[in-house]
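Numbering (the working numbering), first residue to last: 708 to 1704.
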């Protein structure tokens, strides 16, 4: 039998006990590694990597030779059909390769006649098998890129049973190095030396790409889109393509760069003509092909075709393996300047195919990527030739845009997926740290796989470094989706931690990484200074000098910031417990992103609290300005430690990505709302934006009062301050009154409540800058019904009366089931349903932590047919409502695109026995991932589709809210029933109290 590995960071069985298994290293001597001189170049090269890995672990370096020694243990590395030594074993009947012969990238390891044979169906099959041995002996794929120290051992014994990694599910699996300035673009030329193209020293040379290729193969990737920001892979080093061939890597070019030529190869040598409104050339241009220099198939078609022809000729001449990109987009990764007519794209693809047929072969793999507006051609019926892979994409924010139509015959060339862990564009770049949520990635990759998408997957990983975890997960899933069900996500995280830091603290580290992804997925850190509001007229308004989290409702900003501080503290404790050898790697893979993100939340809390307090006239605003500046200094110090304080300064210049000053139009111009801080395409160092305020305070004391739930301050604001309603069933944080000083001289304050069962703690005291008083109710003494109780705050010669509205409502025993209204709402995590009622084989299923505040519920199987409202599976939520009449049900949904073939994704909602109301999410939000309109920017930035339905509750008492599946692919995160008291917040109110039942 041929054992096949499951997914995960450690796929092979553990090492054998000393004295058993194959002795890779024993008693200070290493087995000899033998590889045939006529084998494929990637196989010959990887044999040397295996020797180096053994030395990293044991200090003993095996000899690599092409001659089988007369004595001693031997590791035989070779490809079927290319290694005479392996082929001889097969011919003699000593090695059965029937399970791998003729397959794609399929490995086999087995001890035969005392020799460890590492073979494969093809070059990469062997390479993956060799690197799997490296993983098993304790060399992480990230040993170089994240400075993970190898395990240390004096003896290495390999189990001898027959083993294979299996055949990959996705044929071409890889990533796109992109958006690489300033981080990678600063560091790489300094570390590896400049690019070799005259005048372009910032190019990446073959020594850089050699490190990339090695890591790709250790991760079982096979396909790369190289960096494009001012870089040209083929020109920056003439050895780049040769190095890819040496390693056995499949090269491609991004969706915007057809015919194996990066767009920079055009831009470096062409000057586009300038035309007037009538299309007449007013300033001539030029290019190397005698054209006008325009990247336009209509206006400069012959030159463009000649340029493409050179790309295919180079591919034929240099004889490297590649997948050729077809189609065309505008220069700068925008839509075509020639229009979007389907006939134009047909003409472009036909011209590219003619060039391939003439210069190479149309049998070479080809891909057409439906990125942004290109998907419109597919929707209008354009189909490429049958052998071309069609790549669907996500919306740049981790939401797949479209699935193949399962009601139609599949496209013969198969389907692919282009996915993002990094992005530059609207609503705002995200490229500083890893912000991927594995649960979300899993759910989207699972959908893609279920809809037959298995030919080519590529992930935009930005600088690569910084996105190690999501990249490895993406590639592991692409290799074998069935081995990574959602139930194994926590296991995968633990295996990732164990492979990089050892088993002792793996569970603790995995928990930190898990919670980091959960917290980070709520909002990209670059967007922490943007509040997005929907106006009554439907207009969407951005405020780039405001926090999206509420400063006054539900203590939201405090709660989320405190979660980050607790996570950073956990990370710091783990780092202190780790052996010193692991601490650099821990800082790179865990510590920096956790600590720096937590620090950014602390900075934003101090900054925006400062601005609020300054508007209220609080003396404490000045201290918060100083705290903000201290956290900014900490941000710089954390980056400096990354650049110079770890790994001997290896990463100097890498941690240079700005992430604080987004939106600063006055500093860097009209692109500031979405683009990183930069001038003339060069990143600017961060400054604090918005700027903090400092107050000039009078000497004399002056009373100020602010209350929970309001940004206003008294004396001065209109009316009397009113605290949020009190309820014995409330789950929201306790209400408070802030007494503060508007001057420099301290004063004493007193507080008196109008009823003895209203408890204020403390009841007064000295106010230097401010004093927070918590208000609670003694429910054993509070009267039934709704009562308003005045609370008088006095100090510095003034008084302010605050009203406390106390709702002590009856809840008879028959009502006490499910959630209970308090504060004018009922808030429920979607996974906390009272009943999950299936419809045949279809049911709602929880995906842990997929939502911003909990699990997400989504229909399974994901390929289930749509259902009529009321006929599909449903979720039921029992609740007690005290407020009859009109209510609004807010559904917090993951911001999924319309992946199906209809006009939008739908769900339905009903109360009790009323008819379900159908909501078309796509229409309700107006989000359009094709045009990337403001509605789309809002949903992706907020990471939620917020939709509502109106219902009428006839009477107080127990009720049942029902959420019905209409379409698959809908993810419900949270439900809030607003009975009239819901206050604005980003995440919605805390979950309501729940009685059993």
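Glycine is no exception: its CB is placed at the ideal position from the N, C-alpha and C atoms.
### Task
Quick one: give me the first and last residue of the beta strand (DSSP E) that residue 739 is part of.
Taking the chain shown and counting its residues from 1, the one referred to as residue 739 is at position 32. That run of the beta strand (DSSP E) goes 739-742.
### Supposed contact pair residue 1370 and residue 1396 - C-beta distance, whole angstroms, cut 8 Å
Walking along the chain shown from the start, residue 1396 turns up at place 689. Walking along the chain shown from the start, residue 1370 turns up at place 663. Sure, about 7 Å apart at Cβ, within 8 Å.
### Query
Should residue 852 be labelled buried (16 or more other beta-carbon atoms within 10 Å of its own) or exposed?
Numbered from 1 along the chain shown, position 145 holds the residue referred to as residue 852. Result: buried.
### Task
Count the C-beta pairs between the segment 1241-1249 and the segment 1301-1319 that are closer than 8 Å, then say yes if the count reaches three, no if not.
no
### Message
I'd like the list of long-range same chain contacts for residue 1703, defined as Cβ closer than 8 Å, with 5 residues on each side in sequence excluded.
### Response
Here residue 1703 refers to the residue found at position 996 of the chain shown. Closer than 8 Å at the Cβ level, and outside the excluded window around residue 1703, lie 1524.
### Cβ separation of residue 1586 and residue 1684, assumed to be a contact under 8 Å, to the nearest whole Å
Your numbering for residue 1586 matches position 879 in the chain shown. Your numbering for residue 1684 matches position 977 in the chain shown. Confirmed, about 7 Å.
### Query
Over what stretch of residues does the beta strand (DSSP E) that includes residue 830 continue unbroken?
For the purposes of this step, residue 830 is taken as the residue at position 123 of the chain shown. Element bounds for residue 830: not the beta strand (DSSP E) but the alpha helix (DSSP H), 830-844.
### Message
Less than 8 Å between the C-beta atoms of residue 1714 and residue 1142, yes or no?
### Response
Outside the modelled stretch of the chain, which goes from 708 to 1704, sits residue 1714, for which no answer is possible.
### Message
Going by the DSSP bridge assignment, what does residue 1445 pair with across the sheet?
### Response
Taking the first residue of the chain shown as 1, we reach residue 1445 at position 738. According to DSSP, residue 1445 bridges with 1413, 1479.
### Task
Counting only the same chain and skipping the five closest in sequence on each side, list residues whose C-beta sits under 7 Å from that of residue 1022.
The residue you call residue 1022 lines up with position 315 of the chain shown. Here the set comprises 967, 1029, 1067.
### Task
Pull up the CB-CB distance for residue 844 and residue 761, whole angstroms please, since I reckon it's below 8 Å.
In the chain shown, the residue the question calls residue 844 occupies position 137. In the chain shown, the residue the question calls residue 761 occupies position 54. About 7 Å separates the two Cβ atoms, so the contact holds.
### Message
If I measure Cβ to Cβ from residue 1126 and keep anything under 6 Å in the same chain, skipping five residues before and after, which residues do I get?
### Response
Here residue 1126 corresponds to residue number 419 of the chain shown, with the count starting at 1. Here the set comprises 1101, 1166.
### Query
Can you tell me where the alpha helix (DSSP H) with residue 1358 in it begins and where it stops?
On the chain shown, residue 1358 is found 651 positions in, with the first residue counted as 1. Residue 1358 -> no alpha helix (DSSP H), and no H or E assigned at all.
### Task
Indicate whether residue 1366 and residue 1139 have their beta-carbon atoms separated by less than 8 Å.
Counting from 1 along the chain shown, the entry for residue 1366 is found at position 659. Counting from 1 along the chain shown, the entry for residue 1139 is found at position 432. Against a cut-off of 8 Å, the Cβ pair of residue 1139 and residue 1366 comes out as a contact.
### Query
From the DSSP output, which residues share a beta bridge with residue 1617?
Looking up residue 1617 in the chain shown gives position 910. Partner(s): 1669.
### Task
Answer yes or no: do residue 1120 and residue 1094 have a C-beta to C-beta separation smaller than 8 Å?
Taking the first residue of the chain shown as position 1, residue 1120 is located at position 413. Taking the first residue of the chain shown as position 1, residue 1094 is located at position 387. Contact: yes.
#### Entry: Within the segment 954-999, ranges of the alpha helix (DSSP H) (whole runs, at least 4 residues)
970-974
### Task
May I ask you to verify whether the segment 1320-1331 touches the segment 1436-1452, counting CB pairs closer than 8 Å and requiring at least 3?
yes
### Query
Can you pull the DSSP bridge partners for residue 1498?
As a position in the chain shown, residue 1498 is number 791, starting the count at 1. DSSP output for residue 1498 lists 1460, 1509 as bridge partner(s).
### Rounded separation between residue 1577 and residue 1197 - CA only
If you number the chain shown from 1, residue 1577 lands on position 870. If you number the chain shown from 1, residue 1197 lands on position 490. Distance between the alpha carbons of residue 1577 and residue 1197 is about 35 Å.
### Task
Pull up the CB-CB distance for residue 1036 and residue 962, whole angstroms please, since I reckon it's below 8 Å.
In the chain shown, counting from the first residue as 1, residue 1036 sits at position 329. In the chain shown, counting from the first residue as 1, residue 962 sits at position 255. Contact flag correct, Cβ pair sits at about 7 Å.
#### Entry: Among 737, 875, 906, the one whose alpha carbon lies nearest that of residue 926
Taking the first residue of the chain shown as 1, we reach residue 926 at position 219. The shortest C-alpha separation from residue 926 is found at 875.
### Query
Is the CB-CB distance between residue 1570 and residue 1157 below 8 Å?
Looking up residue 1570 in the chain shown gives position 863. Looking up residue 1157 in the chain shown gives position 450. Yes, the pair counts as a contact, with Cβ atoms nearer than the cut-off.
### Closest residue to residue 1352 among 1376, 1333, 1295 (Cα-Cα distance)
The sequence position of residue 1352 within the chain shown is 645, counting from 1. Taking only the C-alpha atoms, the option nearest residue 1352 is 1295.
### Message
Is it buried or exposed, residue 1674, if we count other Cβ atoms within 10 angstroms and call 16 or more buried?
### Response
Within the chain shown, the letter at position 967 stands for residue 1674. Residue 1674 should be labelled buried.
#### Entry: Whole-angstrom distance between residue 1699 and residue 1596, CA atom to CA atom
Translated into the one-based positions of the chain shown, residue 1596 becomes position 889. Translated into the one-based positions of the chain shown, residue 1699 becomes position 992. Their backbone Cα atoms lie some 14 Å apart in a straight line.
### Task
Using 10 angstroms around the beta-carbon of residue 1666, count the other beta-carbons present and answer buried if the total reaches 16, otherwise exposed.
Residue numbering aside, residue 1666 sits at position 959 when the chain shown is read from its first letter. With 16 or more other Cβ atoms within 10 Å, it is buried.
### Task
Give me whichever residues DSSP pairs with residue 1627 in a beta bridge.
By one-based count along the chain shown, residue 1627 stands at place 920. 1613, per the DSSP bridge assignment.
### Query
In chain order, what residues of the same chain have a beta carbon less than 8 Å from the beta carbon of residue 1129, not counting five sequence neighbours either side?
One-based indexing of the chain shown puts residue 1129 at position 422. Within the same chain, residue 1129 has close Cβ partners 885, 886, 1137, 1138, 1167, 1168, 1169, 1170, 1174.
### Message
Using C-beta distances below 6 Å, list every residue in its chain close to residue 1253, excluding the 5 sequence neighbours before and after it, in chain order.
### Response
Taking the first residue of the chain shown as position 1, residue 1253 is located at position 546. Excluding sequence neighbours, residue 1253 sits near 1238.
### Reduced DSSP category for residue 1103 - H, G, I as helix; E, B as strand; rest coil
Locating residue 1103 in the chain shown gives position 396, where the first residue counts as 1. Coil, per DSSP.
### Message
Pop quiz: residue 1113 and residue 1164 are said to be a contact at Cβ under 8 Å. What is the actual Cβ separation, rounded to whole angstroms?
### Response
The count along the chain shown starts at 1 and reaches residue 1113 at position 406. The count along the chain shown starts at 1 and reaches residue 1164 at position 457. About 19 Å; that fails the 8 Å criterion.
### Which of helix, strand or coil DSSP assigns to residue 791
Along the chain shown, one-based indexing puts residue 791 at 84. If DSSP states are grouped into helix, strand and coil, residue 791 belongs with the helices.
### DSSP-derived helix/strand/coil call for residue 1684
By 1-based counting over the chain shown, the position of residue 1684 is 977. It is a strand residue.
### Query
Is the distance from the Cβ of residue 1612 to the Cβ of residue 1110 below 8 Å?
As a position in the chain shown, residue 1612 is number 905, starting the count at 1. As a position in the chain shown, residue 1110 is number 403, starting the count at 1. Taking 8 Å as the Cβ cut-off, residue 1612 and residue 1110 do not qualify as a contacting pair.
### Query
Mapping DSSP to helix, strand and coil, what is residue 1052?
Taking the chain shown and counting its residues from 1, the one referred to as residue 1052 is at position 345. Residue 1052: helix per DSSP, three-state reduction.
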